[in-house]
Structures are given as structure tokens and as C-alpha cells.
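Residue numbers (full-length UniProt numbering): 1 to 360.
So the structure is just underneath, and the comments pick up after that.
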């Protein structure tokens with residue numbers, strides 16, 4: 001009986017190889033395989049090996065992803081060596097007979113992340129896997145890694161996968177992606193400079209957001225809950241050491257929930273923090289959830305309390321920054337201080353400007 005089954009599978013292989021030759025003029029063009037044949041492939045390594053040895057097209061939709069998910073390094077390596085596209089994802093059609101693609105299923109990298117295989121993720125990335133490729137839910141591979149790590153905070157494999165993809169993103173774009181972490185971890189980093197310093201020195205993503213702990217009971221729900229940025233909170237609490245540490249680690253200076261860190265510094269009436277953020281490139285025109293730029297927000301706060309000298313100093317400083325940027329179209333460390341106020345007057349202690357350094 002087993003011999004008969006083997007013969008049947010080998011016949012399938014021959015048919016598939018013959019079919020793949022049709023595409024010889026379009027080398028490695030992705031092809032669909034009938035369900036029965038596909039099942040025989042994913043359930044028998046020998047069938048796949050024979051197919052590849054015979055020159056079969058390795059770009060069969062879902063084949064690489066299926067073996068990635070099964071953590072089958074031998075077959076995955078052979079498929080890649082045969083020319084399989086590591087980013088190949090099966091297209092989704094409307095179902096009305098038209099050939100217009102309306103989306104794509106998960107990529108092999110999505111499959112590796114879901115299977116929690118750190119080594120498989122490394123293998124795919126080394127061969128050019130695209131960390132920004134989205135699935136049917138428009139969730140990129142790196143978004144999936146960050147979400148899964150956030151939901152399973154004690155899973156070291158998921159954490160390492162997230163760190164690898166985050167660092168790759170930084171290398172490719174010069175920017176860190178948004179990194180959501182459990183509230184308990186967020187609070188520890190926010191309130192312990194030593195822990196935060198160790199975190200960023202080990203290559204931790206400084207674009208840190210916190211979500212309520214209950215979010216991790218539901219992956220979909222967690223995407224809709226309020227998120228709060230560490231830089232935003234630190235700026236609003238006059239935590240200069242943390243702000244400087246995060247900026248030097250490459251944090252997005254405008255990252256926050258419903259408002260930017262600059263909005264929070266204005267609300268906290270801290271001229272020194274406002275200056276620190278602006279001289280490091282904070283966007284004074286970026287709006288909060290109410291559609292107010294930082295300059296407009298400062299004006300509103302002053303109108304609420306016209307006699308408040310701290311608010312007046314902030315408003316005057318931002319007006320000068322706005323006027324200066326219009327004239328020079330650039331920001332430097334020589335941005336003017338607030339009109340009529342020496343550096344230390346009303347602004348509190350002056351702190352050294354943090355200069356974000358691009359990591360090697």
C-alpha cells in the first residue's frame with residue numbers, strides 16, 4: 001500500500017515538473033497548485049525534493065510559507081536555493097471571476113513570526129525578506145512581531161524576534177518603529193534611569209508606547225486602546241534625563257498619543273523642556289487630536305490665563321521660533337530665546353541639548 005502511495009506521489013511530481021516547464025520562458029513565475037497535489041507536497045519532504053531536483057518551479061503559492069511555519073529548515077533552505085521568492089504571498093481575488101488582486105495573504109516572514117521561530121526569521125531576513133510587507137489586515141511583518149511580543153511579554157523568543165526586526169528597520173530607514181510594551185515594563189523603564197539606560201544600550205527600541213495591561217487579553221482589542229508614549233510622558237513631567245536618553249537613542253521626537261511631547265511640555269509650563277525639544281527638531285506645526293499646532297496650543301493656554309508668566313514666556317519663545325524658521329527655513333542651536341527673558345528666567349534650570357546620534 002505504501003509503495004502504491006509513493007508511486008502516486010511520484011506521478012504527481014512528474015506532472016508538476018511538466019507543468020512548471022510551461023513557465024520556463026517566465027522563469028520562476030509564481031504558480032498555483034491544485035489542493036490535492038499541494039497536500040501531497042507539504043506532507044512528504046521526499047516529494048518536494050524530487051520536484052526540485054527535477055527543476056520544478058519553487059514559487060508555488062504558500063509552499064515556502066507552509067514549510068516555514070512547520071520550521072522545516074531543510075526544505076526551506078532547498079526552496080530558497082532553488083530560487084524561491086522569500087516574499088511570495090498568495091494573492092486574493094474578488095471571487096467574481098475577475099483577475100484583479102484585492103490583497104495578499106501572509107508572507108513567509110509572517111509565518112515565521114507566528115511560529116515563534118527565531119532562527120527561521122533570521123534565515124528569511126538574511127535572504128531579503130521584506131519586514132514591511134502587509135497581509136490581508138494590512139499588518140506588516142514588523143507590526144505583527146511587535147504586537148505578538150507585547151501580548152506575550154514573557155516570551156523571550158517573541159522578544160528577540162521583535163528586536164531583530166526593529167533593529168533592521170532602524171538600519172534600513174534610520175528611524176525606529178513604534179514599540180508598544182506592557183504597562184508594568186513601561187513603568188519600570190520610566191521610573192528607573194538605570195534600567196532605561198541598560199535597555200537602550202542593549203539596542204532596545206526607544207519609540208516606546210504603553211498600553212493598558214488588560215489589552216493583552218485580546219489581540220484585536222489592543223490595537224484600539226489608548227496608547228501613551230514614554231517621551232511624551234517624560235516631557236510632560238520634566239524628566240530631562242529620560243528625554244535626553246531617549247533622544248540620543250534615536251527616539252521620534254514627535255511621537256505621542258493624541259498630542260506630541262512638545263504639547264505636553266507646553267501644558268506643563270516648562271520653558272526649558274520646550275527649548276530642549278525644539279532645538280532637537282520638534283515639529284512646532286504638528287497638530288494634536290484637536291487640530292492644534294504647538295504654537296496654537298501655547299496661545300490657547302495663554303488665553304486661559306493671560307497673567308501666567310510661564311505661559312507667556314513659552315508663547316513668546318515659540319513665536320520667535322516660528323518667525324525664525326520662516327526666515328531661515330532651518331533650525332540650529334542658535335534659535336532665539338524667549339523675548340525679554342534671559343535663559344534662566346522663568347525657564348528653570350537649563351539642561352544641555354541632547355543631540356540624537358544615528359547608530360552604526
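Quick reminder that beta carbons are idealized off the backbone N, C-alpha and C, glycines included.
Identified DSSP bridge partners for residue i
i	result
residue 279	DSSP lists no partner for residue 279.
residue 140	134
residue 289	Residue 289 pairs with nothing; no bridge assigned.
residue 164	Paired residues: none, contrary to the question.
residue 266	Partner(s): none; residue 266 has no beta bridge.
residue 361	In the structure as shown, the chain starts at 1 and stops at 360, and residue 361 therefore has no counterpart that could be examined.
Collapsed DSSP secondary structure at residue i in the structure displayed
i	result
residue 346	Residue placement at residue 346 is flagged as unreliable, the pLDDT there being 32, under the threshold of 50; the coordinate-derived value follows with that caveat. Residue 346 falls in the coil class under three-state DSSP.
residue 120	helix
residue 179	strand
residue 228	strand
residue 253	coil
residue 400	Here the chain comprises residues numbered 1 to 360, so residue 400 is not present and cannot be evaluated.
residue 209	strand
residue 55	coil
residue 65	helix
residue 322	helix
residue 187	helix
residue 76	helix
residue 332	Because the pLDDT of residue 332 is 41, which lies under 50, any placement of that residue in the model is unreliable, and the number read from its coordinates should be weighed accordingly. It is coil, neither helix nor strand.
residue 305	coil
residue 115	coil
residue 157	helix
residue 296	helix
residue 315	helix
residue 200	helix
residue 83	coil
residue 284	coil
residue 145	helix
residue 194	helix
residue 45	helix
residue 152	coil
residue 50	helix
Buried versus exposed, by CB contacts within 10 Å (16 or more), residue i
i	result
residue 92	exposed
residue 162	buried
residue 29	exposed
residue 195	exposed
residue 245	buried
residue 143	buried
residue 132	exposed
residue 140	buried
residue 170	buried
residue 187	exposed
residue 166	buried
residue 261	buried
residue 81	exposed
residue 136	exposed
residue 269	buried
residue 148	buried
residue 43	exposed
residue 206	buried
Nearest neighbour of residue i, chosen from the options [CA to CA]
i	options	result
residue 289	137, 52 and 257	257
residue 185	206, 210 and 168	210
residue 38	112, 244 and 67	67
residue 117	273, 261 and 159	159
residue 65	172, 52 and 84	84
residue 312	299, 114 and 321	299
residue 71	200, 124, 50 and 31	124
residue 164	129, 306, 107 and 271	129
residue 182	317, 155 and 172	155
residue 241	266, 272 and 228	272
residue 248	153, 87, 176 and 122	176
residue 251	229, 268, 168 and 266	229
residue 259	180, 296 and 35	296
residue 77	126, 35 and 89	126
residue 107	308, 151, 153 and 60	60
residue 45	238, 32, 36 and 73	73
residue 208	201, 192 and 232	232
residue 57	79, 43, 111 and 40	79
residue 388	205, 266 and 203	Given that the chain is displayed from residue 1 to residue 360, the structure contains no residue 388 and the question cannot be resolved.
residue 197	172, 153, 243 and 88	243
residue 324	157, 309 and 279	279
residue 104	113, 114 and 87	87
residue 204	193, 179 and 192	179
8 Å contact criterion, which residue i and residue j should meet: CB distance rounded
i	j	result
residue 286	residue 254	5 Å
residue 281	residue 264	Contact doesn't hold; Cβ gap of about 16 Å is too wide.
residue 199	residue 190	Going by Cβ atoms, the distance from residue 199 to residue 190 rounds to 11 Å, so no, they are not a contact pair.
residue 284	residue 322	6 Å
residue 63	residue 32	Not confirmed; about 10 Å, so no contact.
Neighbour flag for residue i against chain C, beta carbons, 8 Å
i	result
residue 111	Chain labels in this structure do not include chain C; a single protein chain is all it has.
Distance cut-off 7 Å: residue i Cβ against heavy atoms of the ligand GDP
i	result
residue 31	The ligand GDP is not among the ligands present in this structure, which contains no ligands whatsoever.
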